[in-house]
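A quick write-up on the structure given underneath.
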Amino acid sequence: MFIDKKDGYYLKIASKKSLEREAEMTDYFKKKNLGLGYISYLSDQSQDFLLKEKIQGDNYLAKQYLKNPKQLCDSLAENLRFLHEQNFEDCPILDHSERYLKKVENNARLKKSNLDFVTNYNIHTPEEAYDYIQNNKLLLKDDTLLHGDYCLPNIILDNWQFKGFIDLDCAGVGDRHIDLFWGAWTLNFNIGTDQYRDRFFDAYGRDKIDIDRLKLIGCCEVFGYF
Numbered sequence: 041m042f043i044d045k046k047d048g049y050y051l052k053i054a055s056k057k058s059l060e061r062e063a064e065m066t067d068y069f070k071k072k073n074l075g076l077g078y079i080s081y082l083s084d085q086s087q088d089f090l091l092k093e094k095i096q097g098d099n100y101l102a103k104q105y106l107k108n109p110k111q112l113c114d115s116l117a118e119n120l121r122f123l124h125e126q127n128f129e130d131c132p133i134l135d136h137s138e139r140y141l142k143k144v145e146n147n148a149r150l151k152k153s154n155l156d157f158v159t160n161y162n163i164h165t166p167e168e169a170y171d172y173i174q175n176n177k178l179l180l181k182d183d184t185l186l187h188g189d190y191c192l193p194n195i196i197l198d199n200w201q202f203k204g205f206i207d208l209d210c211a212g213v214g215d216r217h218i219d220l221f222w223g224a225w226t227l228n229f230n231i232g233t234d235q236y237r238d239r240f241f242d243a244y245g246r247d248k249i250d251i252d253r254l255k256l257i258g259c260c261e262v263f264g265y266f
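So in our numbering, the last one in the sequence shown is 266, and the numbering has no gaps at all.
This is the structure in structure tokens:
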């Protein structure tokens with residue numbers, strides 16, 4: 041919910057304890073000059089309330105950016121590399137991979153799946169995706185500060201200058217390939233073509249990318265995006 045007063049505020053209301061992680065990581069990103077903090081986080085018997093400041097600027101979905109897709113792609117990659125190079129020793133969430141896999145296991149047990157996330161990886165059934173996870177999940181590392189949902193709406197710019205990250209409910213220390221996966225996905229989804237995928241990986245730095253781990257993340261997202 042947007043509150044149009046002064047410079048603007050956003051109020052999130054959700055089930056009890058569901059906004060606790062976002063509050064923690066919003067505060068942490070502010071301390072690292074990666075975003076603005078929150079004004080208030082309250083949790084009552086049934087609901088959470090998180091009031092946040094609005095970062096001045098626009099996200100990558102603004103016409104100014106979408107009409108220059110190559111520059112957008114390069115900027116998206118450069119801002120991700122900048123985030124991933126941050127020191128994270130004092131981060132309150134150091135075990136993102138464990139939490140991530142727990143969600144995958146829970147949704148797999150509930151038979152929740154979406155194969156749209158593995159169209160690039162020759163995976164055709166939920167069973168194939170799950171088997172790949174079981175055989176490769178030890179590849180996941182907790183060695184990088186992540187956004188966790190690195191998509192075009194969640195990065196704010198002012199005339200191409202980075203201003204901050206928003207919607208940090210999936211942020212923490214985990215495997216960089218989660219953000220890389222979502223960066224490539226959002227370019228395809230929001231621009232309407234997969235032609236910038238390789239350019240995005242090149243601009244980020246191929247030396248930091250493991251194709252097997254990208255496939256692993258795709259398989260995890262078959263069960264994760266619910």
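Every residue, glycine too, gets a C-beta built ideally from N, C-alpha and C. Keep in mind that this is a model prediction, so the values were computed, not measured.
For residue i, which residues from the same chain have a beta carbon less than 6 Å from its beta carbon, with the 5 sequence-adjacent residues on both sides left out?
i, result
"residue 48", "94"
"residue 124", "184 and 216"
"residue 54", "88"
"residue 253", "179 and 217"
"residue 181", "215"
"residue 157", "258, 261 and 262"
Pull up the DSSP beta-bridge partners for residue i, would you.
i, result
"residue 184", "214"
"residue 52", "90"
Pick from the options: whose alpha carbon is nearest that of residue i?
i, options, result
"residue 121", "63, 52 and 74", "74"
"residue 110", "253, 240, 155 and 222", "240"
"residue 87", "106, 63, 58 and 77", "58"
"residue 251", "176, 68 and 166", "176"
"residue 267", "189, 256, 224 and 249", "The chain is shown from 41 up to 266; residue 267 falls before or after that span and cannot be answered."
"residue 198", "97, 92, 72 and 243", "97"
"residue 39", "195, 223 and 162", "Since the first and last residues shown for the chain are 41 and 266, residue 39 lies out of range."
"residue 119", "233, 51, 128 and 243", "243"
"residue 186", "169, 220, 162 and 200", "220"
"residue 51", "81, 76 and 69", "81"
"residue 138", "214, 76, 46 and 246", "214"
"residue 72", "248, 204 and 168", "204"
"residue 255", "168, 149 and 105", "168"
"residue 248", "117, 107, 163 and 56", "117"
"residue 171", "66, 144 and 160", "144"
"residue 113", "69, 228, 259 and 149", "228"
"residue 107", "261, 128, 232 and 148", "232"
"residue 174", "78, 259 and 46", "259"
"residue 56", "84, 131 and 69", "84"
"residue 129", "223, 235, 149 and 69", "69"
Which residues mark the beginning and the end of the alpha helix (DSSP H) in which residue i is found?
i, result
"residue 167", "166 to 176"
"residue 262", "251 to 264"
"residue 147", "136 to 149"
"residue 287", "Because the chain spans 41 through 266 in this model, residue 287 falls outside it and cannot be assessed."
"residue 238", "237 to 244"
In the DSSP assignment, find the unbroken beta strand (DSSP E) run with residue i in it and report its ends.
i, result
"residue 203", "201 to 205"
"residue 196", "195 to 198"
Residues in the same chain with beta-carbon distance under 8 Å from residue i, minus the five sequence neighbours each way, listed in chain order, please.
i, result
"residue 36", "Missing from the structure shown is residue 36; the chain here goes from 41 to 266 and no further."
"residue 126", "72, 74 and 185"
"residue 60", "81, 83 and 88"
Please list, in chain order, all residues of the same chain as residue i whose beta carbon is under 7 Å from its beta carbon, the five residues on each side excluded.
i, result
"residue 192", "99, 100, 101, 226 and 230"
"residue 115", "200"
"residue 62", "90, 208 and 209"
"residue 245", "121"
* **Whole runs of the beta strand (DSSP E) within the stretch 77 to 113, excluding any shorter than 3 residues** => 78 to 83 and 87 to 93
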